[in-house]
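Participant:
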Amino acid sequence: MSISGTDAYAGLTGLPDLVVEAVDLARRLGFPSSCRPEQGRLLHALAAGALESIGETGTGCGVGLAWMIASRRPGVRIVSVERDEQRATEAAKLFAGIPDVEILYGDWTRIYERGPYDLLVVDGGGNGKKAKTSSADPQRLLHTAGRIVIDDFTPMAQWPPLIGGQPDTARLAWLEHPALLSTEVQLAEDLATIIGTRRP
């Protein structure tokens, strides 16, 4: 989820058709926080490597989901959870004709119902990516060597990373998670993503 992610698509060409449709849906619903194009391209690349299943928390209007659908292998199922009922309903309509795609309405924890996954994108306004006590558990949600993506960080400029002059505990929790081999990838001047691979 990016604060001005929907607006970032203005004037862009060469996008997958389904991404264009999802962006149009976000505009119609007045939803500003879609997955940014830089993040979408990363998800597009990572989804191509999934062999069985992909999970996402925070469907929004389906922009990030559309990027992943556009590159997934045939037969790879995708499950996405959205806590806003209207967005969940409208996204489900948008993807209704596409096989192996399921939109669940509810809290992000519903993602556990369909796991584990080869790729899990932890996004949206829930606490799945924020709090140590309630964050997504990669050992339960990922296959061995599966990848988790946590987006919408500002690029790290020092170690340890700071936010407001204090250690960035949310970022550190993922970078130092004992079940993961993690790294931060800078996607734009103001945007970074953490990618973790589940250890054996």
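Start counting at 1 in the sequence shown, then tack on 44, and there's your number in the numbering used here.
The beta-carbon is built from N, C-alpha and C at its ideal position, and this holds for glycine as well.
Computed from a predicted structure; not experimentally measured.
(1) Pro76 and Tyr53 look like a contact to me (Cβ under 8 Å); what is the Cβ gap, rounded to whole Å?
(2) Tell me, please, which residues DSSP counts as bridged to Gln230.
(3) How many Å lie between Asp234 and Val165 at the Cα?
(4) What residue range is occupied by the uninterrupted alpha helix (DSSP H) comprising Thr133?
(5) Using the three-state DSSP reduction, which class does Ala52 fall into: helix, strand or coil?
(6) So, under 8 Å CB-CB, Asp167 and Thr101 are touching, yes? Tell me the CB distance rounded to an integer number of Å.
(7) If we count Cβ pairs, one from each stretch, closer than 8 Å, do we get three or more for the region 114–121 versus the region 84–102?
(8) Please report the residue range of the alpha helix (DSSP H) in which Ile113 lies.
(9) According to DSSP, is Glu96 helix, strand or coil?
(10) Comparing C-alpha positions only, which one of Lys137, Ile142, Ile194, Ala232 sits nearest to Ala214?
(11) For Glu126, which beta-bridge partners are listed by DSSP?
(12) In the DSSP assignment, the alpha helix (DSSP H) including Ala89 goes from what residue to what residue?
Facilitator: For this structure:
(1) Contact doesn't hold; Cβ gap of about 11 Å is too wide.
(2) Ala236
(3) 20 Å
(4) 129–138
(5) helix
(6) 6 Å
(7) yes
(8) 107–113
(9) coil
(10) Ile194
(11) Tyr149
(12) 81–91
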